[in-house]
Structures are given as structure tokens and as C-alpha cells.
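To start, the structure itself, in C-alpha cells.
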Amino acid sequence: RASRVALSLGRDDGSVRLRVEDDGVGFEPGARPGVGRGLRNMSERARRLGGELSVTSAQGRGTRIALRIPRAPAS
């Protein structure tokens, strides 16, 4: 269980960036292939928008999820 969650939203170089970090129990990405679809679905949606999703986590060290997508041109 996490006792701290941090959200960060910003923009730079034509991109929008969102980062979510916690200090929870963490997990080993890829340790249980085929279990759950949440991260895979988020990654696919980011890719469809021309962006990318990265997940960094380890047992006992919390989790960080970072999303970067291109900004839409100003109208």
C-alpha cells in the first residue's frame, strides 16, 4: 500500500507529459505475462496517439508511470 502518490503534468518540446509515482509495494513488470490488461491497454492507447508509456517498478520500491504524447497544434 502506498502512503504517498505524486502526480506531475507538464509540457515541453511539443509534448504533454504525465507522471504518476507512488511509494507502494511495487511489482516486477513482465513477471506475470498475460495477467491483466490495464498497462498493455494504456500503452496501446498512448501509441495510437503517437506517444509512449513507460512503467518503472520493483518489489518494495513503488511504481512510476510516465506518459508522453504529442501536443495538438493550436487552432
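Just so you know, the working numbering puts 246 at position 26 of the sequence shown, and the rest follows in order with no gaps. We put the CB at the ideal spot given by N, CA and C, even for glycine.
- The distance from the Cβ of R291 to that of R231 is about 6 Å, consistent with a contact at the 8 Å cut-off.
- By the criterion of a C-beta distance shorter than 7 Å, S235 is surrounded in its chain by R288, I289, P290, R291, once the five residues flanking it on both sides are discounted.
- Of the residues assessed, G280 falls on the exposed side of the cut-off, its CB having fewer than 16 other CB atoms within 10 angstroms.
- In terms of CA proximity to V225, G244 leads the group G244, E248, G270, L238.
- For A278, there is no enclosing alpha helix (DSSP H), since its DSSP letter is neither H nor E.
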